[in-house]
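> Residue numbers (the numbering used here): 110 to 492.
1. Considering only DSSP beta bridges, list what residue 464 is partnered with.
2. Where do the ends of the beta strand (DSSP E) carrying residue 446 lie?
3. Between which two residues does the beta strand (DSSP E) carrying residue 130 extend?
4. Under 8 angstroms between the Cβ atoms of residue 239 and residue 288?
5. Short check: CB of residue 211 to CB of residue 466, under 8 angstroms?
6. Starting from residue 116, follow the beta strand (DSSP E) in both directions and report where the run begins and ends.
7. Could you check how far apart the C-beta atoms of residue 373 and residue 352 are, in whole angstroms? I think they sit under 8 angstroms.
8. Would residue 241 pass as a contact of residue 249 if the rule is Cβ separation under 8 angstroms?
9. Leaving out five residues on either side along the sequence, give the residues of the same chain with a beta carbon under 7 angstroms from the beta carbon of residue 207.
10. What residue ranges within the region 250-335 form continuous beta strand (DSSP E) runs of no fewer than 3 residues, ordered along the chain?
11. Mark residue 295 as exposed unless 16 or more other C-beta atoms lie within 10 angstroms of its C-beta, in which case mark it buried.
12. Considering only C-alpha positions, which residue in the set 375, 396, 376, 456 is nearest to residue 415?
13. Can you give the beta carbon distance from residue 384 to residue 194, rounded, assuming they're within the 8 angstroms contact cut?
14. Taking the alpha carbon of residue 438 as the reference point, which residue from 412, 446, 448, 458 has its own alpha carbon closest?
15. Is the region 437-452 close to the region 197-207, with three or more CB pairs under 8 angstroms?
16. Write down every uninterrupted run of the beta strand (DSSP E) in the region 177-245 whose length is 3 residues or greater and which is fully enclosed by it, in chain order.
17. Could you have a look at residue 154 and say whether DSSP puts it in helix, strand or coil?
18. Opposite residue 142 in the DSSP bridges: which residues?
19. Considering only residues of the same chain and omitting the five flanking positions on each side of residue 468, which have a CB-CB separation below 7 angstroms?
20. Residue 247 by DSSP, collapsed to three states: which one?
21. So, helix, strand or coil for residue 469, using DSSP?
22. Using the Cβ count rule (16 or more neighbours within 10 Å means buried), how would you classify residue 280?
23. Touch check for the region 400-409 and the region 421-429: three-plus C-beta pairs under 8 angstroms?
24. If you draw a straight line from the C-alpha of residue 360 to the C-alpha of residue 392, how long is it?
25. Given a cut-off of 8 angstroms on the beta-carbon distance, is the pair residue 216 and residue 387 in contact?
26. Give a yes or no on whether the C-beta atoms belonging to residue 424 and residue 223 are separated by under 8 angstroms.
27. How is the alpha helix (DSSP H) around residue 363 delimited, first residue to last?
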């Protein structure tokens, strides 16, 4: 199956959200799809997709080891890693279509009939008050989710913490968490994503302040590069009954090896859009398992990333629930055809169709080209 073309396709789905995809077409007429969503980097993703395509047209799509190998120190950084990860996803889609088997079968077989999910309610919370977050969490629980996650601390950033507005933002963040916990009760897990907003000292205070809410995990409190601080925070969190989670933007086994050996996290969150794709995350998860570390892949974006993540997660023994973006847009369920991606009482069912089992509705996608985001979800200084 020789590659005929590689195309970037950016799609605008909300006033704050674009999704980015890669379409890999073969000379025999098949199309494989992957997702490379990276907020505010769409023009760079398109350029990198063009560069990659120029190098791989004419290659055999079955030669993943030769043409989709992630090199972590490559100068393209996360943009290049995202495009290569999407390319690797698309090659698995093509391989499954060729073999007439679902991707999870080619990855060694599913260990479970369905993949457990947790609801990221962050973008579905409107208004962004404690009451708005509580209502979003309640909706998720009513639909069968037994775990929810929120990112409550916008617009707090520790470098500006002396500003009274930042202190108020921190207090409001704690209020949002308290409202969610009160709304859904003790029987549902709550996770909090801090989006690297804190200094080590501020994060230590954060661990103490969120302990009364009985979090399942606290995620990304400080910069991923600060291994010593992360290790200390993990100990503090564990002493209070919480896991520490992170590492959602790292790429390649080597990057994860260093944080595993440093004892940074209880839960690793490799993203199939960035870490290198299916094969690399299976290797990351296997190394994590040797250290007693659980894996909960990062997956808060579009339907193609989700569909690939479900295939992958079905094969991982040390799996915690997979993230899904809850309540952001119905386009998540309508932009692709094929296997039904709708959540089944907090679970994702497995596709038995060849390849990914989901096909892009290209005509609909092209009616909504990606748009520059003047007010993105995440502060540009954080990503």
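Cβ atoms here follow ideal geometry from the backbone N, Cα and C, with glycine treated the same way.
Let me spell this out:
1. Within the chain shown, numbered from 1, the residue matching residue 464 stands at position 355. Looking at the DSSP assignment, residue 464 forms a beta bridge with 211.
2. Counting from one through the chain shown, the residue named residue 446 turns up at place 337. From DSSP, the beta strand (DSSP E) with residue 446 extends over 445-447.
3. Numbered from 1 along the chain shown, position 21 holds the residue referred to as residue 130. Where residue 130 is concerned, the enclosing beta strand (DSSP E) stretches over 126-135.
4. The residue given as residue 239 occupies position 130 in the chain shown. The residue given as residue 288 occupies position 179 in the chain shown. Yes. Within cutoff.
5. Locating residue 211 in the chain shown gives position 102, counting from the first residue. Locating residue 466 in the chain shown gives position 357, counting from the first residue. In contact: residue 211 and residue 466 (Cβ atoms closer than 8 angstroms).
6. Residue 116 sits at position 7 when you count from the first residue of the chain shown. 112-123 is the extent of the beta strand (DSSP E) around residue 116.
7. Locating residue 373 in the chain shown gives position 264, where the first residue counts as 1. Locating residue 352 in the chain shown gives position 243, where the first residue counts as 1. With a Cβ gap of about 12 angstroms, residue 373 and residue 352 do not count as contacting.
8. Numbered from its first residue, the chain shown carries residue 241 at position 132. Numbered from its first residue, the chain shown carries residue 249 at position 140. Contact flag unset, no.
9. In the chain shown, residue 207 corresponds to position 98, counting from 1. If we look at residue 207 and ignore the five residues flanking it on each side, its Cβ neighbours are 110.
10. 256-259, 298-302, 326-328
11. Against the chain shown, residue 295 aligns to sequence position 186. Exposed, since its Cβ has fewer than 16 Cβ neighbours within 10 Å.
12. As a working mapping, residue 415 is identified with position 306 in the chain shown. For residue 415, the nearest C-alpha among the options comes from 456.
13. Here residue 384 refers to the residue found at position 275 when the chain shown is read from its first residue. Here residue 194 refers to the residue found at position 85 when the chain shown is read from its first residue. Yes, they are in contact, since the Cβ atoms of residue 384 and residue 194 sit about 7 angstroms apart, within 8 angstroms.
14. By one-based count along the chain shown, residue 438 stands at place 329. It is 412 whose Cα lies nearest to the Cα of residue 438.
15. no
16. 223-229
17. Here residue 154 corresponds to residue number 45 of the chain shown, with the count starting at 1. Note: residue 154 maps to helix in three-state DSSP.
18. By 1-based counting over the chain shown, the position of residue 142 is 33. Answer by DSSP bridge pairing, in chain order: 132.
19. Working through the chain shown from its first residue, we reach residue 468 at position 359. Closer than 7 angstroms at Cβ, skipping near neighbours: 445, 446, 447.
20. Start at 1 with the first residue of the chain shown, and residue 247 comes out as number 138. Here residue 247 sits in helix by DSSP.
21. Mapped onto the chain shown, residue 469 falls at position 360. It is a strand residue.
22. Locating residue 280 in the chain shown gives position 171, where the first residue counts as 1. By the neighbour-count rule (16 or more Cβ atoms within 10 Å), residue 280 is not buried but exposed.
23. yes
24. Stepping through the chain shown from its first residue, residue 360 is reached at position 251. Stepping through the chain shown from its first residue, residue 392 is reached at position 283. Approximately 12 angstroms between the Cα atoms of the pair.
25. Translated into positions along the chain shown, residue 216 becomes position 107. Translated into positions along the chain shown, residue 387 becomes position 278. In contact: residue 216 and residue 387 (Cβ atoms closer than 8 angstroms).
26. As a first step, residue 424 must be located in the chain shown, where it is residue number 315. As a first step, residue 223 must be located in the chain shown, where it is residue number 114. Contact: no.
27. Sequence index remark: in the chain shown, residue 363 carries index 254 (1-based). That run of the alpha helix (DSSP H) goes 362-370.
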